[in-house]
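Data first, discussion second: the structure below is written as structure tokens.
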Amino acid sequence: MNCFSFLVSTCQLMFNEPTSLSITNSSDSDFSAAIVNDFNGDGLLDLVTTYTDFYTVDTNLYVFLGNGDGNFREKITCPTGVNNYDVPGFLATADFNNDGHQDLAGMNYLSGSVGILFGDSNGTFETMQLLTSNVWYLYVFYFEHPWLTTSDFNGDSYIDIVFIDVTSCSIGLFLSYGNGTFTTQITLPVIDDFCFSSGIIADFNGDGKQDIAVTLGQKNYMSVMFGFNNGSFEEPMILSTGDYSSPTSIIANDFNGDKYLDIVVANTGNYNIGVFLGNADRSFRAQMIFPIKTLYPPYSMTAADFNGDGQLDITFTIFPDAVVNHNLYSSVNFVYVMAGYGNGSFGESIQVSTWTSNPAYIGVGDFDGDGGFDLILLGYVPGNDTILLNTSPCSIHNSSSQLYSSTTKFP
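In this text, residue positions in the sequence shown follow the numbering used here: the first is 7, and each later residue adds one.
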């Protein structure tokens with residue numbers, strides 16, 4: 007069996023040759039959103055996707071149940087009930103009604119409206135129930151970088167929803183009642199235009215309360231808002247990411263092993279990865295810069311221990327030519343991995359080939375049950391979606407591995 011092998015520290019980073027995934031809805035469908043979780047309760051990771059198809063007015067949700075061997079079953083089609091070409095363009099998952107099944111929260115592609123889809127025990131979903139009714143038709147996912155995620159922001163053990171409100175470029179919050187219903191929208195005061203941003207939820211100061219960190223690409227800085235555990239937050243703390251940096255994706259975890267959460271950002275404008283190491287006093291150290299040698303700047307990013315050496319690594323995609331130069335016929339078929347050294351620093355980016363043209367989404371998980379973290383890549387260009395199965399010797403059957411991503415709820 008052929009594979010890609012890269013020597014990183016004492017543990018090799020290895021992936022099998024990329025395998026094409028037949029999950030695209032049609033040849034005219036453009037990727038819109040995706041999320042990985044166990045949606046039918048069988049202990050195996052599944053995949054949910056949405057696509058934008060203006061020819062067939064496709065507003066469906068597609069569920070691909072995992073077999074546990076790196077393959078997926080035939081798609082299950084779930085109508086969202088959203089009209090007028092709108093379709094979820096950003097997804098998050100949680101059990102909003104406490105029935106033991108994973109539900110979905112979604113922000114819709116054209117209008118920026120937010121809604122929830124309740125999950126059933128077989129991996130299917132009910133139609134979307136809107137929490138907002140924006141009808142602005144802003145094409146928000148072409149011109150802006152909104153986000154949506156979930157956590158418990160008021161300490162009642164119910165999962166709430168936080169998102170970018172594209173009508174006001176502020177942060178919106180829905181507090182959950184635990185039965186699938188929510189409060190009316192709470193709009194958090196912000197000091198700047200948050201429409202061009204990406205966010206992460208974590209307890210950065212170790213007080214047991216969930217905080218928010220947000221990148222502001224147009225302003226070249228990051229904002230950290232410490233939570234009061236009642237649905238409100240302190241005034242933002244500003245951390246510069248550098249002139250012309252245009253930060254996009256953001257992730258958080260303890261990358262240097264000191265028990266304090268750190269923040270990593272993809273600085274699209276400066277072609278680098280920025281690392282802010284957290285301190286015990288709610289502050290962060292000055293940004294450490296790790297340049298990348300890629301054709302286009304970094305974009306989507308997540309983290310896991312891919313080579314099994316016990317240190318967190320970073321994987322990222324790059325801004326495709328289709329976005330940078332509006333060239334839909336150009337493609338970049340790579341994903342990149344930066345090995346972590348356990349002290350907050352990272353090695354040079356390693357280029358890994360995929361079948362995916364212009365990868366936009368990175369799904370991370372153990373899709374074949376061998377203990378290693380595998381990758382699913384979905385692209386802006388229809389077709390040729392990829393799964394990369396991890397064959398790193400140190401990772402296989404490593405039961406201590408954990409998945410880290412921008413949607414993880416941290417302690």
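Glycine included, each C-beta is placed from N, C-alpha and C at the ideal position.
Going by DSSP, name the residue or residues bridged to residue i.
| i | result |
| --- | --- |
| PRO195 | None; PRO195 has no bridge partner. |
| ASN364 | Per DSSP, none; premise fails for ASN364. |
| THR155 | VAL168 |
| PHE37 | TYR57 |
| ASN259 | ASP268 |
| SER351 | SER351 pairs with nothing; no bridge assigned. |
| SER182 | PHE188 |
| GLY369 | ILE382 |
| ASP391 | LEU27 |
| THR308 | THR321 |
| LEU67 | THR56 and CYS84 |
| PHE296 | ILE279 |
| GLY284 | PHE290 |
| TYR342 | PHE322 and GLN357 |
Between residue i and residue j, is the Cβ-Cβ spacing less than 7 Å?
| i | j | result |
| --- | --- | --- |
| GLY118 | VAL196 | no |
| ASN66 | THR55 | no |
| SER398 | MET20 | yes |
| THR321 | PRO24 | no |
| LEU245 | MET231 | no |
| PHE325 | TYR302 | yes |
| TRP153 | GLY121 | no |
| GLN317 | GLY353 | no |
| MET294 | ALA272 | no |
| ALA309 | ILE256 | no |
| SER203 | LEU179 | no |
| LEU194 | ILE177 | yes |
| GLY375 | GLY87 | no |
| PHE210 | LEU283 | no |
| ASP48 | TYR57 | no |
| GLY350 | PHE261 | yes |
| ASP109 | PHE124 | yes |
| GLY237 | PHE159 | yes |
| ALA345 | ASP319 | yes |
| GLY95 | ALA40 | no |
| ASN104 | GLY184 | yes |
| LYS225 | ASP264 | no |
| LEU53 | PHE70 | yes |
Mark residue i as exposed unless 16 or more other C-beta atoms lie within 10 angstroms of its C-beta, in which case mark it buried.
| i | result |
| --- | --- |
| ASP5 | Only positions 7 to 417 of the chain appear in the structure, and residue 5 is not among them; the question remains open. |
| SER33 | Here SER33 scores only 47 on pLDDT, less than 50, and its place in the model should not be relied on; the value that follows carries that caveat. Looking at its Cβ environment, which holds fewer than 16 other Cβ atoms inside 10 Å, SER33 is exposed. |
| SER26 | exposed |
| SER11 | For SER11, the predicted model reports a pLDDT of 49, less than 50, meaning its position is unreliable; a value from the coordinates is still stated below. When all chains shown are included, SER11 counts as exposed. |
| GLU150 | Low per-residue confidence applies at GLU150: pLDDT is 49, beneath 50, and the placement is therefore not dependable, though the value from the model is reported in the following sentence. Buried, by the Cβ-count rule. |
| CYS400 | buried |
| CYS17 | buried |
| THR323 | buried |
| GLY106 | exposed |
| VAL146 | Residue confidence for VAL146 is low, a pLDDT of 48 falling below 50, so the modelled location carries little weight and cannot support an answer. |
| TYR68 | buried |
| GLY72 | buried |
| PRO304 | buried |
| PRO85 | exposed |
| TYR143 | Bear in mind that a pLDDT of 49 at TYR143, under 50, signals an unreliable position, so the number given afterwards is only what the model happens to contain. Exposed is the call here. |
| ASP213 | exposed |
| PRO365 | buried |
| SER174 | exposed |
Taking C-alpha atoms, which residue in the options lies nearest to residue i?
| i | options | result |
| --- | --- | --- |
| SER163 | ASN339, LEU137, LEU181 and TYR302 | LEU181 |
| VAL42 | LEU383, ILE402 and ASP260 | LEU383 |
| GLN135 | ALA111, LEU179, ASN160 and PRO304 | ALA111 |
| THR138 | THR156, SER127 and PHE169 | PHE169 |
| LEU395 | ASP315, ASP372 and TYR386 | ASP372 |
| TYR367 | LEU381, SER238 and SER355 | LEU381 |
| THR99 | SER38, GLY248, ASP166 and GLY233 | ASP166 |
| ASP44 | MET113, TYR115 and SER127 | SER127 |
| ASN278 | ASP249, ASP315, THR362 and LYS215 | ASP249 |
| THR156 | GLY129, MET113, GLU132 and ASP36 | MET113 |
| GLY314 | ILE393, GLY275, ILE402 and SER355 | ILE402 |
| VAL220 | ASP213, MET243, GLY275 and ILE192 | MET243 |
| ASN276 | ASN259, ILE269, SER289 and THR254 | THR254 |
| PHE131 | PHE340, LYS81 and PHE290 | LYS81 |
| LYS215 | VAL370, GLY161 and GLU241 | GLY161 |
| SER116 | ASN89, LYS299 and THR300 | Correcting the residue identity first, residue 116 is Leu in this sequence and not Ser. The residue with the shortest Cα to Cα distance from LEU116 is ASN89. |
When you measure from the CB of residue i to every non-hydrogen atom of the ligand ATP, does any distance come out below 6 Å?
| i | result |
| --- | --- |
| GLN216 | Among the components of this structure there are no ligands whatsoever, and the ligand ATP is therefore not found. |
Tell me, please, whether the CB atom of residue i is closer than 7 Å to any CB atom in chain D?
| i | result |
| --- | --- |
| LYS81 | Although the question refers to chain D, the structure presented lacks it and comprises just one protein chain. |
May I have a chain-ordered list of the beta strand (DSSP E) segments no shorter than 3 residues that lie completely inside the segment 73–147? 82–85, 94–100, 109–114 and 120–123
List, from N- to C-terminal side, the beta strand (DSSP E) runs of 3 residues or more that fit wholly inside the segment 209–253. 217–222, 227–231 and 243–246
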